[in-house]
Structure formats: C-alpha cells, structure tokens
Amino acid sequence: MAAANSEGNAQKLSSETFQLFSSSASPFGIFDDASQSQQLPPISPPPPIEVLASEAPSSVEHNVDSVNLDGVTLLKGRVNTQQVFGLSNSDLVPGKYEGGLKLWEGSLDLIKALRSYVKNGFISFSGMRVLEVGCGHGLPGIFALLEGAAAVHFQDFNAEVLRCLTIPNLNANLSGESQPSSSNSTICDKAEVRFFAGDWSGIDKLLPHVSTDAKHNQGGGYDFILMAETVYSINSLQNLYNLIKKCLRHPNGVVYMAAKKYYFGVGGGTRRFLSVVEKDAVMTSSLVAEITDGSSNVREVWKLGYK
947 MAAANSEGNA
957 QKLSSETFQL
967 FSSSASPFGI
977 FDDASQSQQL
987 PPISPPPPIE
997 VLASEAPSSV
1007 EHNVDSVNLD
1017 GVTLLKGRVN
1027 TQQVFGLSNS
1037 DLVPGKYEGG
1047 LKLWEGSLDL
1057 IKALRSYVKN
1067 GFISFSGMRV
1077 LEVGCGHGLP
1087 GIFALLEGAA
1097 AVHFQDFNAE
1107 VLRCLTIPNL
1117 NANLSGESQP
1127 SSSNSTICDK
1137 AEVRFFAGDW
1147 SGIDKLLPHV
1157 STDAKHNQGG
1167 GYDFILMAET
1177 VYSINSLQNL
1187 YNLIKKCLRH
1197 PNGVVYMAAK
1207 KYYFGVGGGT
1217 RRFLSVVEKD
1227 AVMTSSLVAE
1237 ITDGSSNVRE
1247 VWKLGYK
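Remember, the numbering used here sits 946 above the position in the sequence shown when you count from 1.
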C-alpha cells in the first residue's frame, strides 16, 4: 500500500526541474499535425487481446540505448515505425497507431518521481500489483517490476508495440545488462508479467485483477496504475477514467500520472483530465512534480486516489 505523502516532501519534489530533452525538441512535445487528426472520421478500435511474451518477432530490429534516471539505469529500444506499421515520421494515426514506439518525456518524468518516492520511503512496489496503461516502451512498469512488484501488466492500444518494443525492452532490462536499484536476477520466476492490447473502452474485460463488482474493487484491482502521456486526446479522457475506476483497488489503490499540462491542438492535458475526475467526486488528486525545462510544454506528475 502506498504511504501517504508529506506536504513538505511533495512540495520539494514539485520544485525539481528535470532536464530530459534538448531545446531542439518540439515546443509542444506531441502531434504537430494534431488538427488534421481531429478531422478524421472515428474508427472502430480493434478487439482487445492478450499478447504473449513469446510473440516478440525476431524480424524487427531492436536497437538498445541506456537511460540513467537518478542512478537507475534502464534500457530502451529504438524500433523503426516504418518497419512495424509502414508509417514514417508519424506520431499518431487514429485507430491504427497511437504513438507507442516513441519514448515520450512523461515516461521519464514518472520514473524520476517514483524513484524519489521509493528512495524516501513514501511508496513501495514490493508485493504489489501494477498496471501500466498506454505503456509504449513500458519503462515505468519495468521500474516497478525491478522494485519487487508481484504482478505487472502492460497495456497498449497496439499489439505491435507490445510485441516489437515493450516485450524486448522488458527482456533487455531483465537480462543483467541494466542496473536496477535492487537485485532481481530471478525476477521473472517471482512476478506475474502479462501484456494486453486494445482500446480503453473494452480492455478491462481481459485484465485479470479487475473485480466483477462494478462499484468497488474490494480485494481485487491493482495497487498502482501508472500512465504517462495518456491524456492527450479530449475524446478519450472519459474512457480512460472509467478504466481507472474499474481497475484500481479500493480503497488504497493509487494512480500516478505524468503528462503535459496542455496538448495544444488536441484539447487534452492534465487539467482537462482532472476536471473529469473532479466532476465525478470519487477521487482526489495532488500534484507530485512540475517540470519546466524550457524545451517543451509544462509537464506534470499527479497522484490520484479514492476519497
């Protein structure tokens, strides 16, 4: 169970500045062609499926880079969008590709915030059940796994992202080449790791730790839900929030969300998502960190939990 945050430490973490990308990055960080994506007609999402770890294709080249995050080194893959989806220089094709092959800033912001909370004893992943929503590279979920989580489930819209990037990233980080903050040489023998692809409106039907009680996840659900850069589209915010309520363990489950304050052109952002949360009046929210590095839109990390 996540420990309660002290106000002083939360303010200290909020004041930190995370320098993640150079000034050559897009000033808005996502979807330069966003206005065009809004004009496309709605597309029916693919049916949700479970992706097996054995499905990672050997035909897709998976180049690995290391990322050092406050003393924790994780490995991330570089996969060609053209090779996987037949697309070039595209962050988003609605209904087909939702940007999962790109490592967004929010994933690293989230890991840094989680790392600080673990280091200071505010939270522990040991023995916990974790769901990473919209995982892409899956680095926050991999971090939780390396910190001793009992179960980590990865969800992404695209099965291809899970097969070609998330699963190879997990394998690379568990191969002994990475340097986690604790020793996990036999972690795969101790933890339940599964992968699920599909839209947020229906993926809960496949997730194993979702309670059949639609009102409360008493005894079921996930202790932690992690998500980064998932609130960019205003059209998906309600489905995302509904998924969280179905999946989060009651009453002590916690959501950690990293995203940009505003996503210009697509209408989403942390504040629009939090307005959905506040209107429902079931959960509370608190700011964990604000990142203003001068090279992109203001980014934030938020904590959500039941009232």
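Cβ atoms here follow ideal geometry from the backbone N, Cα and C, with glycine treated the same way.
Residue state for F1170 is assigned as strand, using DSSP reduced to three classes. Rounded to the nearest angstrom, the Cβ distance from L1056 to V1013 is 13 Å, too far for a contact under 8 Å. Annotation: the continuous alpha helix (DSSP H) that includes N1188 extends over 1183 to 1193. Here the segment 1236 to 1246 does not lie against the segment 1104 to 1117, with fewer than 3 beta-carbon pairs under 8 Å apart.
With fewer than 16 other beta carbons inside 10 angstroms of its own, T1230 counts as exposed. S1182 counts as buried, since no fewer than 16 other beta carbons sit within 10 angstroms of its beta carbon.
Beta bridge pairing from DSSP links I995 with A1143.
Residue environment for K1058: buried (at least 16 other C-beta atoms within 10 angstroms of its C-beta). Between the segment 1183 to 1201 and the segment 1214 to 1228 there are three or more inter-stretch CB-CB distances shorter than 8 Å, so the stretches are counted as touching. C-alpha of E1093 to C-alpha of P992: approximately 33 Å in a straight line. Around the CB of G1052, 16 or more other CB atoms lie within 10 Å, so the residue is classed as buried.
Bounds of the beta strand (DSSP E) holding G1023 are 1018 to 1024. The Cβ atoms of D1016 and R1061 lie closer than 8 Å to each other.
Taking the Cα positions, L1153 is about 17 Å away from G1084. Remark: C-beta atoms of P994 and A1097 do not approach each other more closely than 8 Å. Here E1078 is buried, its C-beta having at least 16 other C-beta atoms within 10 Å. G1023 is positioned such that its CB atom lies closer than 8 Å to that of N1115.
Residue pairing by DSSP puts M1203 in a beta bridge opposite M1173, W1248.
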